[in-house]
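Asker: Okay, handing you the structure first.
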Amino acid sequence: MTTHQMWSGNRVEALPPSPGDMFVVTLLFGKRVKIQPVSEYQQAKNDAHSFASSNRMGAGAYTMKVLSLTLEETLTVCGISRAELFADMTPADTEALKKQAVTACMDVLRESDDATVRKSAFDLLCGLGALPQ
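Counting from 0, one number per residue, gives the positions in the sequence shown under numbering that gives the first Met the number 0.
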């Protein structure tokens, strides 16, 4: 984890992506501020730096955390299970999520240097029926 101290006294702590990470979660005061695809890690870190550099919250300094997480870790941070994630989805929601997953996995196949992550993306695409097996 890297820590960056801002002139404002605030800090940004960032955990860079590891194999299998799919999301970036930004936290402030232990609360989720934003969830983004892991491909937007640098943007999430830049946004946290900008916010921490220019904003003071009360009398004391604060720490923003930018964490790269797997799907399971993200669900845990959000306090929901896989079943709960999909329980209230309409067929249109499910199709939109599938489309986003296919797009994200195709981006990983094109852009990632990590063979493990590319294999996971390929396996997911095959499982979704987006690629022939």
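No residue lacks a Cβ here, since even glycine has one placed at the ideal position from N, Cα and C. None of the values given here were measured: they were computed from a predicted structure.
Helix, strand or coil for Pro18 per DSSP?
Answerer: If DSSP states are grouped into helix, strand and coil, Pro18 belongs with coil.
Asker: DSSP on Leu108, reduced to helix/strand/coil?
Answerer: In this structure, Leu108 counts as helix in the three-state DSSP scheme.
Asker: Following the continuous alpha helix (DSSP H) through Val116, name the residue where it begins and the one where it ends.
Answerer: It spans Ala114 to Gly126 - the alpha helix (DSSP H) in which Val116 sits, taken as one unbroken run.
Asker: Taking all protein chains shown into account, decide if Phe22 is buried (16 or more other Cβ within 10 angstroms of its Cβ) or exposed.
Answerer: So Phe22 ends up on the buried side.
Asker: Excluding the five sequence neighbours on either side, which residues of its own chain have a C-beta within less than 7 Å of the C-beta of Val37, listed in chain order?
Answerer: Correct list, in chain order: Pro16, Asp20, Met21, Phe22, Val23 and Ser67.
Asker: Leu14 to Ala120, Cα distance in whole Å?
Answerer: If you take the alpha carbons of Leu14 and Ala120, they lie about 21 Å apart.
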